[in-house]
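Data block below; observations after.
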Amino acid sequence: MQTLDQSISQQQADTDIPGDSPLEIAGKTFNSRLMTGTGKYRSFTEMQQSIVASGCQMVTVAVRRVQTKAPGHEGLAEAIDWQKIWMLPNTAGCQTAEDAVRVARLGREMAKLLGQEDNNFIKLEVIPDPKYLLPDPIGTLEAAEQLVKEGFAVLPYINADPLLAKRLQEIGCATVMPLGSPIGSGQGIKNAANIGIIIENATVPVVVDAGIGTPSEAATAMEMGADALLINTAIAQSENPPAMAHAFRLATEAGRVAAVAGRIPIKAYASASSPLTGTIN
């Protein structure tokens with residue numbers, strides 16, 4: 001009898017279609033287009049089971065919370081098999097560009113200590129607003145410029161601002177990560193038009209990050225042409241996180257396959273499904 005993981009892997013193999021290729025970020029290849037996080041879970045066990053069920057190959061970790069052993073993060077570094085999962089350190093909790101650069105450097109060292117010597121990835125977050133948790137575009141750009149100079153593969157978390165996304169690409173960021181709606185809000189994709197513009201003009205992978213609450217919204221983001229998703233709260237705070245992680249995995253895969261397959265055009269009138277020739281008079 002197949003395990004859940006084997007079954008999902010077989011489903012993924014069954015839906016592979018010509019014309020698609022794996023996700024590539026900063027020269028590193030990932031078969032999964034779903035990234036997850038480590039925060040807000042009720043237990044380490046639920047987190048571990050959810051990571052497996054999601055099929056993800058990259059997990060983001062808040063450097064400051066690990067460094068300070070904040071509640072829920074004690075022992076986090078040892079709870080995940082970093083030989084199988086690529087660490088994406090993030091600068092959550094940083095309110096200024098200077099603070100984010102400092103924490104990014106700590107994150108790179110943390111990855112090295114856990115055996116990922118060549119890991120220079122950083123998810124850049126500069127968030128001075130405590131209520132809505134919206135990223136600071138000026139601080140993000142300043143920090144990104146410095147981190148790119150220092151050899152980081154910068155994955156910046158931003159508002160769905162096409163002009164900022166373009167500028168971040170121009171200075172050498174590895175991805176852009178526009179929010180669908182505020183972090184943890186579960187409001188879904190409230191910025192579809194702007195995200196569509198970002199995707200249309202992207203020269204690097206576009207990862208929709210924050211606000212997605214359901215698998216159907218994840219599928220929609222992928223159908224729009226996003227290259228990947230980062231989902232945390234919608235999994236961790238659900239009633240059954242491993243099951244929800246499994247659902248998001250399937251939704252991400254379905255949305256990607258649909259995007260590559262190409263949807264039918266939208267028409268203002270009906271079009272019969274059955275042929276009109278050879279009918280009985």
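All residue numbers for the sequence shown refer to UniProt numbering, where the first residue is 1 and numbers rise by one.
Note that CB positions come from ideal geometry on N, CA and C, so glycine has one too.
For residue j and residue i, believed in contact at Cβ under 8 Å, the rounded distance
i, j, result
"I171", "A144", "6 Å"
"P89", "V61", "6 Å"
"P178", "A160", "4 Å"
"I189", "T233", "With 8 Å as the limit, I189 and T233 do not qualify as a contact, their Cβ atoms being about 15 Å apart."
"I183", "A210", "5 Å"
"I197", "P162", "4 Å"
"A174", "L114", "Incorrect: roughly 20 Å between the Cβ atoms, too far for contact."
"A245", "S32", "The pair is not a contact, with the Cβ atoms about 11 Å apart (cut-off 8 Å)."
DSSP three-state assignment for residue i, whether helix, strand or coil
i, result
"N194", "helix"
"I158", "strand"
"M222", "helix"
"K267", "coil"
"A174", "coil"
"V63", "helix"
"L179", "coil"
"V204", "coil"
"D209", "strand"
"A228", "strand"
"A261", "helix"
Residue closest to residue i, alpha-carbon to alpha-carbon, out of the options
i, options, result
"E253", "G27, G37, G39, C56", "C56"
"Q237", "E46, Q83, Y157", "E46"
"A243", "G262, E24, I51", "I51"
"E239", "M224, A258, T214, L250", "T214"
"D129", "I231, G93, Q48, G262", "G93"
"Q187", "T140, C173, I231", "I231"
"A247", "T29, L34, F30", "L34"
"N191", "I80, K166, L168, E217", "E217"
"S206", "A165, S181, A245", "The amino acid occupying residue 206 in the given sequence is Val; Ser does not appear at that position. Checked all of A165, S181, A245; the closest Cα to V206 is A165."
"T38", "T29, K28, A79", "A79"
"R102", "D118, K112, R64", "R64"
"E150", "T36, M87, R108, S271", "R108"
"Q95", "L133, K267, D20", "L133"
Sub-8 Å separation of residue i and residue j beta-carbons
i, j, result
"D136", "V148", "no"
"residue 316", "K131", "Not covered by the structure: residue 316. The range shown for the chain is 1 to 281."
"A26", "F121", "yes"
"I195", "M224", "yes"
"Y41", "P241", "yes"
"Q48", "W82", "no"
Closer than 8 Å to chain B by CB, residue i
i, result
"A218", "Structure shown: chain B not included; a single protein chain is present."
Q.
Restricting to runs no shorter than 3 residues, where is the beta strand (DSSP E) found entirely within the segment 21 to 59?
A. Here the runs fully enclosed are 23 to 25, 28 to 30, 34 to 37.
Q: Jot down the residue ranges of each uninterrupted beta strand (DSSP E) in the segment 111 to 160, minimum 3 residues, whole runs only, in chain order.
A: Along the segment 111 to 160, the beta strand (DSSP E) occurs as fully enclosed runs of 3 or more residues at 121 to 124, 153 to 158, listed in sequence order.
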